[in-house]
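Going by the working numbering, the first residue of the sequence shown is number 256, and it counts up by one from there.
One structure is given below, encoded as structure tokens.
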Amino acid sequence: MPDTTLMSETILFAGLDDDALAKVVEAGRDLEMLRGDVLFREGDDPDELFVVLSGRIAIANKSIDGRESMVALMEEGDLFGEMGLFDGRGRSAEARALETSVVTAVPYGPVRNLYKDDPALLWRVVAMLAGR
């Protein structure tokens, strides 16, 4: 089962009441990754977001000539893959493990339901996006 404490500390889920957090955590699943494993590729259809439990995940784009450029490094407690929750477009980058890592994958459905039930929670999204 995903880590409740770590999930509650991410900006997207911080301050959720116990019931709401439990719904998110229960929907999640932990994924173990080895160095080089790809979680998703640029252009993939998104349907879940991720929280790093351990290890490091590179978020990278490829240029037209095939060169890779790392745009972000995700470490313990970092949340990524959430943009598709809001814009409905394909993944904007690739996510790949730089070392043995564990991430929690949370389907978009339970998260969307939280926002439908309590739209005030969307202010957390605004804070998260403003900080990027």
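Yeah, the Cβ is synthetic: ideal placement off N, Cα and C, and Gly gets one too.
- With a 10 Å radius around the Cβ and a threshold of 16 neighbouring Cβ atoms, residue 314 comes out buried.
- About 6 Å separates the beta carbons of residue 328 and residue 311, which is inside the 8 Å limit, making them a contact pair.
- Taking the Cα of residue 259 as reference, the smallest distance to any Cα among 322, 372, 358 and 290 is reached at 358.
- For residue 261, the enclosing alpha helix (DSSP H) begins and ends at 259-264.
- Residue 385 and residue 318 have their C-alpha atoms spaced approximately 26 Å apart.
- Segment contact: the region 346-362 against the region 283-302, three or more CB-CB distances shorter than 8 Å; contact assigned.
- About 7 Å separates the Cβ atoms of residue 291 and residue 352, confirming a contact at the 8 Å cut-off.
- The C-alpha of residue 339 is placed about 24 Å away from the C-alpha of residue 272.
- For residue 281, the enclosing alpha helix (DSSP H) has its first and last residue at 273-282.
- Under the three-state reduction of DSSP, residue 372 is assigned to helix.
- Taking 8 Å as the upper bound for CB-CB distance, residue 302 and residue 363 are in contact here, some 6 Å apart.
- Counted as a single uninterrupted DSSP element, the alpha helix (DSSP H) harbouring residue 341 occupies residues 338-342.
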